[in-house]
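Protein chains in written order, with the numbering used here: chain A, 1 to 51; chain B, 1001 to 1225; chain C, 2001 to 2239; chain D, 3001 to 3216.
Each residue gets a CB set at the ideal place from its N, CA and C atoms; glycine is no exception.
Structure, as structure tokens:
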Amino acid sequence: MADNWGYVLAAYALAALAFGGYWRRLARREHELRQIIAARGARRPQTPYAS
Amino acid sequence: MTYARRAWIVLWKDLLVERRSKETLNALVFFSLLLLFVFQFTLGPDRERLTAVLPGLLWLGFVLAGLVGLGRTFLLERENDCWEGLLLAPGDKSAIYVGKLAANLVLMGLVEALVLALFTVFFNVDLGPALGGLVPVLALGTLGLAAAGTLFAAMTAHVRARELLFPVLLLPAQVPVLLGTVKATEALLAGAPLGTVGHWLQLLAAADAVYLVVGVLTFEFLLEG
Amino acid sequence: MPADPLIRVTALGKAFGARLVLGDVSLAVHPGEAVALLGPNGAGKTTLLKILATLTRPTRGAAAVAGHDCARDAERVRRVIALVAHGTWVYDDLTAVENLRFWATLAGLTPSADALAGALAQVELDRVASVPARTFSTGMKRRLGLARLVLAPPRVLLLDEPFAGLDERARKWFEEHLEAVKARGGALLMATHSLGRELAIAGRIAILAGGRIALDAPHGAVGTEEIRRLYALHTEEAS
Amino acid sequence: MLTQTLGWIAAVAVIAGVAVALGVAPREATQGNVQRIMYLHVPSVWVAYLAFVVTAVASAVYLRNRAAATDRLAHATTEVGVLFLGVNIATGSIWGKPTWGTWWAWDARLTSVSIVFILFLGALLLRRATEDPERAARSAAVLAIFGALNIYLVHQSVNWWRTLHQPPSLLKAGPAAMPGAILAPLLINFLALGLLAAYFVTRRVRVLAAEAEALA
């Protein structure tokens, strides 16, 4: 049953892909948002109304 | 007392509007008839196959009709901002949920009676001997379906793509009710006495209780603007 | 020392996602008082009324009616207020009297047939009491909405463009009704962007612009011309 | 800062868990090495259901206190729970291929877990589809409470549906006693994945807060 290792590795690889992908998505999104907030803070010192 | 009167007036209003407009009922009757044809086309004339899948078909019909009908529960409240009025009416908001649920039960009951009658006529099945056992199964199943459906209809009333999201949310939530009713119906139609499906009836009753309690306790949050 | 205000709004702010509609609004309306809330379209008049009516929650600050917080104590607030806004709450498939009975019963009342007929007579809908509302004109539906006020007179009335869609007779009747609410010690808050009829009832004028109260003055202290000038000024400033 | 520390701890724990599962744990007698998938498969459903319990509690609290932070916790735990449940289903399917000879058998547990997966995925869809963010939060909260209470009913009904006979023998489902050689790696991996999930949740909560800030 040596070939079974293939399934085991596939399962762990898939999980690593899923968790890693989720982690990357979070990191990217956070980076994006930090930039938006920083950019806006520089441009508009006060927060008046968007109209 | 006031609670019951408030729930009753919602039921009265919904049924009165339905009696005048017949919007939902007409659609449901027509839909059930169409289902009958679809079932016939897919199954062909084979009697044995039909008997085997009849309980599933029956409940598939009820659930599909429920998805069409229950999803419309709060459509009416959007005309002239009536939704606002429901929220602002002082008093426990769950009375509105109970009233709406009761109206849905009446509607579902009518459709189910019709579908059962059509099945006996068009598929030539004799439901007579099992009817005594079927009624509690039908009642418990319909209550569960309507209790969750009414709540989910309020949940999706303000959503883009409501027609899509409502069944997507309700169907998986209804798995216990669906399995319970189909399995119990199957056993009853095969001639088993009601006692043999007692565990399913218990499960259905438990599901009904859970759905009702969640509905009564959380409805007010869904009504909020 | 004047009586406690029936409506008290303190440092109220409301944002819808990225859009800040109300910035910092403070306002008080005392018993027997009527305040006209003026402001350009999109100034947040309706939003302010909706917060007071417990239809939506403030992002920050507080709104209270008759001492009850509109967010935390919404149910108590609902027993005191009535909202007259764009929605008439009329079911087209019900008759006039059925509509009225439905809303009264839902509010926990048990109106007699006479009381229902009386309320409809006041808004001159008694002759069409048993006709489905589907056939009604906009003005008739609005009057049907007002008939609810007769059955359950509120202490605090929140009005959004109250005279829109009403004919001359109905306006006159409604004016009298509002004066009666004032005389009973009730409070009125009236949002409008027209400078017409509403001002006659109002003892005070508040202009909502730029997300805050730009002007709050007794009606007598500023003439209509002055109001027009200030109104135009603040409106321009905001846009 | 705290989040980062948690992240490193979780990373170390996960590496240790994998090492235990693939190296230290003995080869199971009947199933062979394939059984090692269980050390990933089983703890991920435990973690997911734990996450959903947190979701349900946070949802109930949110409906009372209406604090945006509570809703963010409910939102994050839903998402992370769905992620772990997805991993559970996928690994279950991979395990099924050599064991049952098919990628998907309508096994009772796999089926009921999939239904729960769809239910909570629906809560995420509902959030996306509802325009008003406060209404979205309230609707998702109600759906999460409903879904969490429904979990038991789903499992019970699917169990009975898969077995043609009467319930009693099934009420005490699952192996009565698990040998320590299997149980220990399971628990270690449960701890590791739990830490990973906790890290994801705190990270997601932070992103949600940043999203709100960027919008305001």
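By the criterion of at least three beta-carbon pairs nearer than 8 Å, the region 1169–1179 of chain B is in contact with the region 1144–1157 of chain B. A residue is called buried when at least 16 other Cβ atoms come within 10 angstroms of its Cβ; Asn-2099(C) meets this threshold and is buried. Assigned with DSSP and collapsed to three states, His-31(A) falls in helix. Secondary structure note for Met-2190(C): its beta strand (DSSP E) is the uninterrupted segment 2187–2192. Only buried fits Asn-3088(D), as 16 or more other CB atoms lie within 10 angstroms of its CB. Secondary-structure assignment with DSSP links Phe-3084(D) through no beta bridge to anything. When 7 Å is used as the limit between beta carbons, Gly-2017(C) is near these residues of chain D: Pro-3133 and Leu-3215, in chain order. Arg-3036(D) has its alpha-carbon roughly 6 Å from the corresponding atom of Leu-3022(D). Under the three-state reduction of DSSP, Lys-1093(B) is assigned to coil, being neither helix nor strand. DSSP, reduced to helix, strand and coil, places Arg-2008(C) within a strand of the structure shown. With the criterion set as a beta carbon lying under 8 Å from some beta carbon of chain B, the members of the region 3143–3161 of chain D are Leu-3143, Ile-3145, Phe-3146, Gly-3147, Leu-3149, Asn-3150, Leu-3153, Val-3154, Gln-3156, Ser-3157, Val-3158, Trp-3160 and Trp-3161, in sequence order.
Proximity of Arg-2078(C) to chain D, defined by a Cβ-Cβ separation below 9 Å, is not satisfied.
For Ile-2081(C), no alpha helix (DSSP H) run applies; the uninterrupted beta strand (DSSP E) run containing it begins and ends at 2081–2084, by DSSP. Using a Cβ-Cβ cut-off of 9 Å, Thr-3078(D) does not count as an interface residue toward chain B, since no Cβ of chain B sits closer than that to its own. DSSP, read as helix, strand or coil, puts Asp-2167(C) in coil. Annotation note: the region 1074–1131 of chain B contains the following uninterrupted alpha helix (DSSP H) runs of length 4 or greater, listed N- to C-terminal: 1082–1088 and 1094–1122.
Val-2150(C) places its beta carbon 9 Å or farther from that of Gly-2186(C).
Between Phe-3146(D) and Glu-2175(C), the alpha-carbon positions lie close to 49 Å from each other. Val-3116(D) has a beta carbon lying within less than 9 Å of a beta carbon in chain B. Taking the beta carbon of Thr-1024(B) as reference, no residue of chain C falls within 9 Å; the closest one sits roughly 12 Å away. Per the C-alpha coordinates, the member of Ala-2062(C), Ile-2207(C) and Ala-2107(C) positioned closest to Arg-2078(C) is Ala-2107(C).
Residue pairing by DSSP places Ile-2205(C) opposite Ala-2036(C) and Ala-2217(C) in a beta bridge. A Cβ-Cβ distance of about 5 Å is found for the pair Val-3207(D) and Arg-29(A), placing them in contact under the 8 Å criterion.
Residue contact with chain D for Val-1159(B): present (Cβ-Cβ distance below 9 Å to some residue of chain D).
For Arg-2057(C), at least one C-beta of chain D is nearer than 9 Å to its own C-beta. For the region 3197–3211 of chain D, the set of positions with a beta-carbon nearer than 8 Å to some beta-carbon of chain A reads Phe-3200, Arg-3203, Arg-3204, Arg-3206, Val-3207, Ala-3210 and Glu-3211 in chain order. In the structure shown, Gly-2087(C) falls within a coil segment according to DSSP collapsed to helix, strand and coil. Here Ala-3108(D) really is in contact with Val-3158(D); their C-beta atoms are around 5 Å apart, less than 8 Å.
Cα atoms of Phe-3120(D) and Ala-2062(C): separation of roughly 35 Å, rounded to the nearest angstrom. Across the set Leu-2199(C), Ser-2194(C), His-2219(C) and Glu-2075(C), the C-alpha of Ser-2194(C) shows the shortest separation from the C-alpha of Ala-2232(C).
Pro-2132(C) and Asp-2093(C) do touch by the CB rule: their CB atoms are close to 6 Å apart, below 8 Å. At least one beta carbon of chain B lies nearer than 9 Å to the beta carbon of Val-2090(C).
Per DSSP, the beta bridge partners of Phe-2016(C) are Arg-2019(C). Leu-9(A) and Leu-3186(D) have their C-alpha atoms some 17 Å from each other. Under the three-state reduction of DSSP output, Thr-2095(C) falls in the strand class.
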